[in-house]
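Participant:
2 protein chains.
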Amino acid sequence: MAEQPKPAPAPVAEAPAQAPPAEASAATAAAEAGDEGASTSKKAAKKAEAKAKKEAEKARRAAERAATAATSDAAAQAEDLAKDNYGQETDVTKYSPDAGHINLKTLGEESVGKTVTLRAWLQNSRMQGAKMVFAELREEGNWTIQAIAAANPEGAPVSRQMVKWIGAVNPESFVVVEGVIQKPLEPVKSCRVSNLELHITKCFVHAAAPTVLGLTFATANRPVTNFSDEEAKVEEGVEKLSIAPPGEATGVPAASMIAHLESIVMHKRAPVQQAIADIRAEVKQLFREYLRSLSFKDFEPPNLISAASEGGANVFRLPYFGQDAFLAQSPQFYKQIEIAGGRKRVFSIGPVFRAENSNTPRHMTEFTGLDLEMEIVKDYHEIMDTIEGLLLYIFRGIKERCSEEVELVRSVYPSEEFLVPEPGQSVLRLTFAEGQKLLREEGPEEFRNVSDDEDMSTPQEKALGALIRAKYKTDFFALDKFPEGARPFYAKEDPKNPKVTNAYDMFMRNQEILSGGQRINDPVELEARIRKKGVDPLSPGIKEYVDIFRQAGVPAHGGAGLGLDRVVAFYLNLPSVHLAAYYPRTPKRLTP
Amino acid sequence: MAEQPKPAPAPVAEAPAQAPPAEASAATAAAEAGDEGASTSKKAAKKAEAKAKKEAEKARRAAERAATAATSDAAAQAEDLAKDNYGQETDVTKYSPDAGHINLKTLGEESVGKTVTLRAWLQNSRMQGAKMVFAELREEGNWTIQAIAAANPEGAPVSRQMVKWIGAVNPESFVVVEGVIQKPLEPVKSCRVSNLELHITKCFVHAAAPTVLGLTFATANRPVTNFSDEEAKVEEGVEKLSIAPPGEATGVPAASMIAHLESIVMHKRAPVQQAIADIRAEVKQLFREYLRSLSFKDFEPPNLISAASEGGANVFRLPYFGQDAFLAQSPQFYKQIEIAGGRKRVFSIGPVFRAENSNTPRHMTEFTGLDLEMEIVKDYHEIMDTIEGLLLYIFRGIKERCSEEVELVRSVYPSEEFLVPEPGQSVLRLTFAEGQKLLREEGPEEFRNVSDDEDMSTPQEKALGALIRAKYKTDFFALDKFPEGARPFYAKEDPKNPKVTNAYDMFMRNQEILSGGQRINDPVELEARIRKKGVDPLSPGIKEYVDIFRQAGVPAHGGAGLGLDRVVAFYLNLPSVHLAAYYPRTPKRLTP
Chain A
91 MAEQPKPAPA PVAEAPAQAP PAEASAATAA AEAGDEGAST SKKAAKKAEA
141 KAKKEAEKAR RAAERAATAA TSDAAAQAED LAKDNYGQET DVTKYSPDAG
191 HINLKTLGEE SVGKTVTLRA WLQNSRMQGA KMVFAELREE GNWTIQAIAA
241 ANPEGAPVSR QMVKWIGAVN PESFVVVEGV IQKPLEPVKS CRVSNLELHI
291 TKCFVHAAAP TVLGLTFATA NRPVTNFSDE EAKVEEGVEK LSIAPPGEAT
341 GVPAASMIAH LESIVMHKRA PVQQAIADIR AEVKQLFREY LRSLSFKDFE
391 PPNLISAASE GGANVFRLPY FGQDAFLAQS PQFYKQIEIA GGRKRVFSIG
441 PVFRAENSNT PRHMTEFTGL DLEMEIVKDY HEIMDTIEGL LLYIFRGIKE
491 RCSEEVELVR SVYPSEEFLV PEPGQSVLRL TFAEGQKLLR EEGPEEFRNV
541 SDDEDMSTPQ EKALGALIRA KYKTDFFALD KFPEGARPFY AKEDPKNPKV
591 TNAYDMFMRN QEILSGGQRI NDPVELEARI RKKGVDPLSP GIKEYVDIFR
641 QAGVPAHGGA GLGLDRVVAF YLNLPSVHLA AYYPRTPKRL TP
Chain B
91 MAEQPKPAPA PVAEAPAQAP PAEASAATAA AEAGDEGAST SKKAAKKAEA
141 KAKKEAEKAR RAAERAATAA TSDAAAQAED LAKDNYGQET DVTKYSPDAG
191 HINLKTLGEE SVGKTVTLRA WLQNSRMQGA KMVFAELREE GNWTIQAIAA
241 ANPEGAPVSR QMVKWIGAVN PESFVVVEGV IQKPLEPVKS CRVSNLELHI
291 TKCFVHAAAP TVLGLTFATA NRPVTNFSDE EAKVEEGVEK LSIAPPGEAT
341 GVPAASMIAH LESIVMHKRA PVQQAIADIR AEVKQLFREY LRSLSFKDFE
391 PPNLISAASE GGANVFRLPY FGQDAFLAQS PQFYKQIEIA GGRKRVFSIG
441 PVFRAENSNT PRHMTEFTGL DLEMEIVKDY HEIMDTIEGL LLYIFRGIKE
491 RCSEEVELVR SVYPSEEFLV PEPGQSVLRL TFAEGQKLLR EEGPEEFRNV
541 SDDEDMSTPQ EKALGALIRA KYKTDFFALD KFPEGARPFY AKEDPKNPKV
591 TNAYDMFMRN QEILSGGQRI NDPVELEARI RKKGVDPLSP GIKEYVDIFR
641 QAGVPAHGGA GLGLDRVVAF YLNLPSVHLA AYYPRTPKRL TP
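Top to bottom, those sequences are chains A and B. When we follow this note's numbering, the leftmost residue of the first sequence carries the number 91, and every step to the right adds one. When we follow this note's numbering, the leftmost residue of the second sequence carries the number 91, and every step to the right adds one.
1) Mind listing the chain A neighbours of R621 of chain B? Cutoff is C-beta to C-beta under 7 Å, in chain order.
2) Alpha carbon to alpha carbon, what distance is there between R435 of chain A and Y580 of chain B?
3) Applying the 10 Å Cβ sphere with the 16-neighbour rule, what's the burial state of P645 of chain B?
4) Would F377 of chain B pass as an interface residue toward chain A - the criterion being a Cβ-Cβ separation below 9 Å?
5) Does any CB atom of chain A fall closer than 9 Å to the CB of I638 of chain B?
6) Against chain A, which members of the segment 456 to 483 of chain B pass a CB distance test of less than 7 Å?
7) Could you check how far apart the C-beta atoms of V308 of chain A and V342 of chain A are, in whole angstroms? I think they sit under 8 Å.
8) A128 of chain A to A415 of chain B, Cα distance in whole Å?
9) Can you tell me the Cα-Cα spacing of I369 of chain A and L604 of chain B, whole angstroms?
10) Suppose you measure from the CA of I238 of chain B to the CA of P585 of chain A; what does that come to, to the nearest Å?
11) Tell me, please, which residues DSSP counts as bridged to F437 of chain A.
12) Could you have a look at M546 of chain B and say whether DSSP puts it in helix, strand or coil?
13) With 16 other CB atoms within 10 Å as the buried threshold, where does P682 of chain A fall?
14) Would you kindly work out how many angstroms separate the C-alpha atoms of I610 of chain A and I192 of chain A, rounded to a whole number?
15) When we look at the beta-carbon of V510 of chain B and count the other beta-carbons within 10 Å, is it buried (16 or more) or exposed?
16) Please classify W211 of chain A: does DSSP put it in a helix, a strand, or coil?
17) What is the C-beta distance between D461 of chain A and F508 of chain A, in whole angstroms, given that I count them as a contact (C-beta under 8 Å)?
18) Three or more C-beta pairs closer than 8 Å, one from the segment 660 to 677 of chain B and one from the segment 618 to 634 of chain B: is that the case here?
19) Determine whether the Cβ of E634 of chain B lies closer than 9 Å to any Cβ atom of chain A.
20) In the DSSP assignment, find the alpha helix (DSSP H) that holds I473 of chain B and state where it starts and stops.
21) Given this structure, state the Cα-to-Cα distance separating M222 of chain A from E199 of chain A, to the nearest angstrom.
22) Taking the alpha helix (DSSP H) that S304 of chain A belongs to, which residues open and close that run?
23) Would you list the residues sitting across from I271 of chain B in a DSSP beta bridge?
24) Out of B:P513, B:N539 and B:V295, which has the shortest C-alpha to C-alpha gap to G525 of chain B?
25) Could you spell out the range, first to last residue, of the beta strand (DSSP E) harbouring R609 of chain B?
26) Select from B:A241, B:N393, B:I235 and B:A210 the residue whose C-alpha is nearest the C-alpha of D170 of chain B.
27) What do you get for D181 of chain A, buried or exposed, if any count of 16 or more other CB atoms within 10 angstroms of its CB means buried?
28) Does V295 of chain A have its Cβ less than 9 Å from a Cβ in chain E?
29) For the ligand SAM, any of its heavy atoms closer than 8 Å to the Cβ of P392 of chain B?
30) Buried or exposed for S547 of chain A, please, with buried defined as at least 16 other CB atoms from any protein chain shown within 10 angstroms of its CB.
31) Would you kindly work out how many angstroms separate the C-alpha atoms of A360 of chain B and A398 of chain A, rounded to a whole number?
32) In the structure shown, what three-state DSSP assignment does P111 of chain B receive?
33) Tell me, please, which residues DSSP counts as bridged to S263 of chain A.
34) If you drop the 5 nearest sequence neighbours on each side, which residues of the same chain put their C-beta closer than 6 Å to that of F567 of chain B?
35) Applying the 10 Å Cβ sphere with the 16-neighbour rule, what's the burial state of V658 of chain B?
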């Protein structure tokens with residue numbers, strides 16, 4: 091493979107003294123496209139976009155070819171005593187093995203004076219005169235170090251050609267650098283590793299970035315400006331490329347969610363996204379840890395099912411070997427089969443699918459569900475105790491294990507501390523009726539007449555959450571005993587008051603994060619309630635559900651389901667769940 | 091809800107002295123249906139089945155009604171001093187709180203003489219005369235204890251009526267029992283807790299099982315006789331109910347996979363299935379533990395994607411808001427985006443979908459994928475080292491943490507010990523060419539001419555695995571350097587010998603369990619190989635894939651994917667992966 095031509099950074103002679111910031115060029119391109127497209131139809135705009143894309147790609151390929159050719163030119167230049175110490179080298183097996191690989195996260199002053207190797211992204215570089223170049227090398231998340239290459243008058247190990255070459259490496263190229271760790275004269279404010287710097291002796295580009303990035307590193311780390319697929323759709327491709335006005339403090343422009351997703355690689359490299367991803371992974375881990383410690387068993391419900399699980403609305407349907415299959419909207423049915431099958435306590439983490447045509451920053455068509463189900467020994471409040479313990483464990487776990495990540499996210503998306511009860515204090519638990527009473531008595535004018543028998547609207551939830559935060563200093567609380575009419579057919583009615591159910595919701599920052607309750611475990615009672623809800627107990631999906639409880643005696647049980655994306659987004663108070671997802675799926679977007 | 095009629099065990103007076111074994115009745119029903127259906131068409135058989143089902147349900151409902159009525163009769167009987175100590179009681183809040191709940195798993199001799207409460211399934215019961223009943227109570231998996239109720243001449247706390255009532259509780263009902271722990275006169279061989287027994291003072295049926303189970307507990311724990319949906323399909327509903335001839339040693343009949351799945355609740359209650367599920371959950375946990383300890387990050391790839399990921403064959407397609415969506419066949423693309431996005435090392439555990447019309451015990455249309463991807467520092471063998479370490483960790487972990495479960499599974503599905511290298515010894519790693527040479531020189535006649543340039547067939551794999559087990563005493567080995575033609579377009583060719591790739595498979599018990607390798611990380615090289623494979627690099631799905639490597643410099647990387655179901659099935663040498671899955675999905679089966 092060594093004989094294949096490879097893209098390489100443009101040589102100094104041919105590169106502009108300082109490439110214009112990528113945003114500027116993108117903005118210009120967008121503005122031009124905008125001028126052209128403003129008075130034309132959507133179709134024309136689409137066409138223009140396609141054309142622009144095609145041309146951009148043509149340009150990119152030309153740049154690649156030029157770069158490759160230029161490398162050969164450079165090689166043909168006058169003698170360069172450092173010529174073996176830098177260049178394009180894609181074959182990983184060829185990197186010098188003689189210096190210890192370091193990680194910036196664990197690098198300490200004991201390394202001063204030592205020769206080391208660092209694998210990193212070249213975040214940016216800046217020439218100082220013709221003999222010196224400063225580069226910021228980024229390793230993981232936001233770990234950066236300043237690297238310096240200074241040409242030696244003798245030309246070894248660093249020559250002027252080498253310095254110029256490093257100065258022209260495209261930002262976000264992946265480099266392997268050898269050098270000596272030294273203490274800087276004064277702390278390097280721009281880098282996370284501020285007390286050390288790297289004096290380059292070798293520098294190889296292992297994978298070159300393009301001359302113009304779809305999204306610069308700095309812009310990728312700015313708050314996303316617009317989450318609507320809908321708006322962008324109106325302006326088609328034009329809006330996709332548009333960059334919002336420069337941020338107040340930083341001077342760095344910000345971009346829309348669509349622009350981020352079209353440059354998914356740079357979106358993910360942004361420290362804020364790395365931090366969100368790390369927090370998300372840790373929430374999963376905390377969820378599992380806590381439940382496993384309570385003897386819950388992990389299982390996987392199927393995603394392909396034979397009948398629409400919750401009545402057929404908002405469910406994806408697909409052809410399946412001559413029949414129809416559906417994508418599961420929740421693992422409810424299967425969690426209960428596990429309990430019926432003697433598994434006592436189960437949890438699952440997996441995708442759930444909603445074919446809901448909602449184009450908002452709060453909705454996705456696929457997300458990750460966190461579900462649990464357990465036997466009840468004496469009373470369904472055991473489940474609420476377990477869930478509250480679980481969520482407190484998660485909230486406290488985020489604070490303990492991810493404090494740096496949370497702080498980093500807050501530096502981009504500011505939010506107030508997420509308030510939870512002090513250790514030893516219990517979670518605030520009101521009945522639905524108590525919540526409605528609070529709303530009637532202390533809430534806004536418009537909620538003076540809310541009823542105890544009807545489900546709450548989202549504005550009611552928000553108003554109640556605000557009242558509770560002010561009154562009880564908590565961002566996390568539970569509402570118990572939801573009215574019968576607000577709960578699905580499988581919800582157990584309160585034996586003492588059948589107008590309400592043994593069912594609850596829990597809230598984070600004024601928004602519902604979790605729904606759950608005791609399920610009916612007796613087939614006769616279940617059929618009766620299904621009929622009461624106006625549903626035929628023999629209809630497809632329903633009959634199979636009821637039959638589970640006829641197969642053998644099933645103990646009392648209940649559980650809950652919540653969305654991982656929402657837990658992360660609500661905890662961090664992100665402007666959209668799309669930021670908490672790895673690959674958000676919306677009615678208009680299935681890529682990347 | 092207390093006023094609602096509830097099913098209850100039939101009173102002694104009306105119940106047959108000993109209900110006929112459920113299998114017998116099911117077999118009779120099946121035989122009858124079979125007689126009727128034998129000469130008719132499939133359609134008629136289906137109709138007959140539907141009719142039989144309808145009637146069975148009618149009968150069941152009648153029994154429920156009768157039982158309810160009879161309970162009132164019983165209540166109206168002569169004075170029963172124990173009448174508050176037993177009965178049907180669905181309301182969990184009413185169970186006596188005054189005795190400590192026990193778990194059989196942790197029950198010790200220090201409990202002798204103490205009054206305790208046990209929540210369990212009544213596995214079976216047997217009257218001894220009119221005054222005494224023996225019951226086997228099962229708590230979790232296969233933890234059982236013998237319980238005895240002996241009528242006191244004074245009638246309190248246990249009366250003759252109570253004894254008879256317990257003797258008539260349907261097997262697999264869920265009961266809450268209060269009693270005193272005592273030492274039996276001699277060890278109880280039939281129960282796992284053999285050194286203690288429970289002398290019943292109260293017994294409530296919390297959830298009644300039906301009189302006739304679809305699958306008895308004993309049959310559910312016998313080896314499944316037949317995994318073919320295909321065969322069963324031919325005989326429609328008839329075969330579904332059929333029960334195979336009695337097992338040699340036990341005298342308990344065994345049933346087909348379809349019969350098991352139609353009685354999913356009993357299938358899951360079988361100790362062998364509980365053990366398999368426990369092992370499966372632990373494999374997931376071991377996978378995560380090991381990779382997290384090496385700084386791998388958990389992430390979730392999307393399942394809904396916009397283009398068929400591997401060329402369009404065997405992929406499920408569904409309508410998606412006016413466009414088409416596909417179900418992901420592998421997280422390959424997304425693992426690589428994570429690496430490009432700076433995540434260094436990632437893993438995922440989630441569903442993968444294959445629309446392959448294969449009706450065999452080895453295939454499923456949905457299964458759980460275990461995937462990993464990592465940067466390469468110097469050489470792709472780093473990945474092989476990591477995977478081998480991971481799998482050894484899993485194999486040793488199963489042995490250490492699940493020895494009882496493995497033994498239990500072997501008691502139903504016998505298998506030889508899974509051979510792995512001793513600690514400190516490395517995993518056997520041959521090149522593909524070395525494997526072929528071994529086959530040619532020492533394998534069966536038919537493989538004397540196998541080529542180094544073509545992929546292996548399944549029979550070749552099996553033959554090679556057998557040779558290796560005999561020669562190297564291992565059930566786990568790796569084959570490296572697969573021929574170029576046997577690997578997909580994204581596989582990296584060996585720079586020193588482009589006829590082979592930096593790609594490998596690993597094997598468990600002679601079967602391929604894992605495929606992986608180094609991926610091409612350079613867009614120019616990638617396009618060239620795509621063209622070499624005869625694919626247009628601008629075709630849908632492919633273009634988006636290549637573009638990822640153009641967005642910014644992506645370091646060398648590679649990984650692997652394996653199936654959780656297969657790891658479990660191969661380790662235990664189960665006759666089908668369907669037994670390792672929670673809810674196996676086949677072209678003909680989407681239920682339960």
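Idealized CB from N, CA, C, for every residue including glycine. Quick caveat: nothing in here was measured; it's all calculated off a predicted structure.
Facilitator: According to the structure shown:
1) Sequence index remark: in the second sequence, residue 621 of chain B carries index 531 (1-based). Per Cβ cutoff of 7 Å: no residues; R621 of chain B is ~12 Å from chain A at best.
2) Working through the second sequence from its first residue, we reach residue 580 of chain B at position 490. Working through the first sequence from its first residue, we reach residue 435 of chain A at position 345. Distance from the CA of Y580 of chain B to the CA of R435 of chain A, rounded to the nearest whole angstrom, comes to 42 Å.
3) If you number the second sequence from 1, residue 645 of chain B lands on position 555. Counting C-beta atoms within 10 angstroms of its own C-beta, P645 of chain B has 16 or more neighbours from the protein chains shown and is therefore classed as buried.
4) Along the second sequence, one-based indexing puts residue 377 of chain B at 287. Between F377 of chain B and chain A, the shortest Cβ-Cβ separation is not below 9 Å.
5) To locate residue 638 of chain B, count along the second sequence from 1; it is residue 548. So yes, I638 of chain B belongs to the interface.
6) Using a CB distance below 7 Å, the part of the segment 456 to 483 of chain B facing chain A consists of E456, T458, I466, V467, K468 and D469, ordered along the chain.
7) Start at 1 with the first residue of the first sequence, and residue 308 of chain A comes out as number 218. Start at 1 with the first residue of the first sequence, and residue 342 of chain A comes out as number 252. In the sequence as presented, Val is not what sits at residue 308 of chain A; that position holds Ala. Approximately 4 Å separates the beta-carbon atoms of A308 of chain A and V342 of chain A; this is inside 8 Å, confirming the contact.
8) Mapped onto the first sequence, residue 128 of chain A falls at position 38. Mapped onto the second sequence, residue 415 of chain B falls at position 325. At A128 of chain A the pLDDT is 37, less than 50, meaning the model places this residue with poor confidence; the figure from the coordinates comes in the next sentence. A128 of chain A and A415 of chain B: Cα-Cα distance of roughly 31 Å.
9) Within the first sequence, residue 369 of chain A is the residue found at index 279, counting from 1. Within the second sequence, residue 604 of chain B is the residue found at index 514, counting from 1. The alpha-carbon atoms of I369 of chain A and L604 of chain B are separated by roughly 30 Å.
10) Within the second sequence, numbered from 1, the residue matching residue 238 of chain B stands at position 148. Within the first sequence, numbered from 1, the residue matching residue 585 of chain A stands at position 495. A straight line joining the alpha-carbon of I238 of chain B with that of P585 of chain A spans about 33 Å.
11) Locating residue 437 of chain A in the first sequence gives position 347, where the first residue counts as 1. Beta-bridge partners assigned by DSSP to F437 of chain A: A:D388 and A:L462.
12) Numbered from 1 along the second sequence, position 456 holds the residue referred to as residue 546 of chain B. The three-state reading of DSSP puts M546 of chain B in coil, since its state is none of H, G, I, E or B.
13) Working through the first sequence from its first residue, we reach residue 682 of chain A at position 592. The Cβ neighbour count for P682 of chain A, taken over all protein chains shown within 10 Å, is at least 16; the residue is labelled buried.
14) Within the first sequence, the letter at position 520 stands for residue 610 of chain A. Within the first sequence, the letter at position 102 stands for residue 192 of chain A. When rounded, the distance between both Cα atoms is 58 Å.
15) Position 420 of the second sequence, counting from 1, holds the residue named residue 510 of chain B. Looking at its Cβ environment, which holds 16 or more other Cβ atoms inside 10 Å, V510 of chain B is buried.
16) Walking along the first sequence from the start, residue 211 of chain A turns up at place 121. DSSP, reduced to helix, strand and coil, places W211 of chain A within a strand of the structure shown.
17) What you label residue 461 of chain A is simply residue 371 of the first sequence in a count that begins at 1. What you label residue 508 of chain A is simply residue 418 of the first sequence in a count that begins at 1. The pair is not a contact, with the Cβ atoms about 23 Å apart (cut-off 8 Å).
18) Taking 8 Å as the limit for Cβ pairs, the verdict is that the segment 618 to 634 of chain B does not touch the segment 660 to 677 of chain B.
19) As a working mapping, residue 634 of chain B is identified with position 544 in the second sequence. By the rule that beta-carbons nearer than 9 Å mark a contact, E634 of chain B touches chain A.
20) Looking up residue 473 of chain B in the second sequence gives position 383. For I473 of chain B, the enclosing alpha helix (DSSP H) has its first and last residue at H471 to R491.
21) For the purposes of this step, residue 222 of chain A is taken as residue 132 along the first sequence, with counting starting at 1. For the purposes of this step, residue 199 of chain A is taken as residue 109 along the first sequence, with counting starting at 1. When rounded, the distance between both Cα atoms is 24 Å.
22) Sequence index remark: in the first sequence, residue 304 of chain A carries index 214 (1-based). Per the sequence presented here, residue 304 of chain A reads as Gly, with Ser not at that position. In this chain, G304 of chain A is not harboured by any alpha helix (DSSP H), its DSSP state being neither H nor E.
23) The sequence position of residue 271 of chain B within the second sequence is 181, counting from 1. I271 of chain B is bridged by DSSP to B:L288.
24) Sequence index remark: in the second sequence, residue 525 of chain B carries index 435 (1-based). The residue with the shortest Cα to Cα distance from G525 of chain B is B:N539.
25) Position 519 of the second sequence, counted from the first residue, corresponds to residue 609 of chain B. Here the beta strand (DSSP E) through R609 of chain B covers Q601 to R609.
26) Working through the second sequence from its first residue, we reach residue 170 of chain B at position 80. Of B:A241, B:N393, B:I235 and B:A210, the residue nearest in Cα terms is B:A241.
27) Taking the first sequence and counting its residues from 1, the one referred to as residue 181 of chain A is at position 91. By the neighbour-count rule (16 or more Cβ atoms within 10 Å), D181 of chain A is not buried but exposed.
28) No chain E appears in this structure, whose protein chains are A and B.
29) As presented, the structure is devoid of all ligands, the ligand SAM included, so that no description of it is given.
30) Residue numbering aside, residue 547 of chain A sits at position 457 when the first sequence is read from its first letter. By the 10 Å Cβ count, S547 of chain A comes out exposed.
31) Taking the first residue of the second sequence as position 1, residue 360 of chain B is located at position 270. Taking the first residue of the first sequence as position 1, residue 398 of chain A is located at position 308. It is roughly 29 Å from the alpha-carbon of A360 of chain B to the alpha-carbon of A398 of chain A.
32) Taking the second sequence and counting its residues from 1, the one referred to as residue 111 of chain B is at position 21. Residue confidence for P111 of chain B is low, a pLDDT of 36 falling below 50, so the modelled location carries little weight; the figure read from the coordinates is stated next. P111 of chain B falls in the coil class under three-state DSSP.
33) In the first sequence, residue 263 of chain A corresponds to position 173, counting from 1. Residue pairing by DSSP places S263 of chain A opposite A:L212 in a beta bridge.
34) Translated into positions along the second sequence, residue 567 of chain B becomes position 477. The answer, listed in chain order, is L518, I558 and F597.
35) Along the second sequence, read from residue 1 onward, the residue named residue 658 of chain B stands at position 568. V658 of chain B should be labelled buried.
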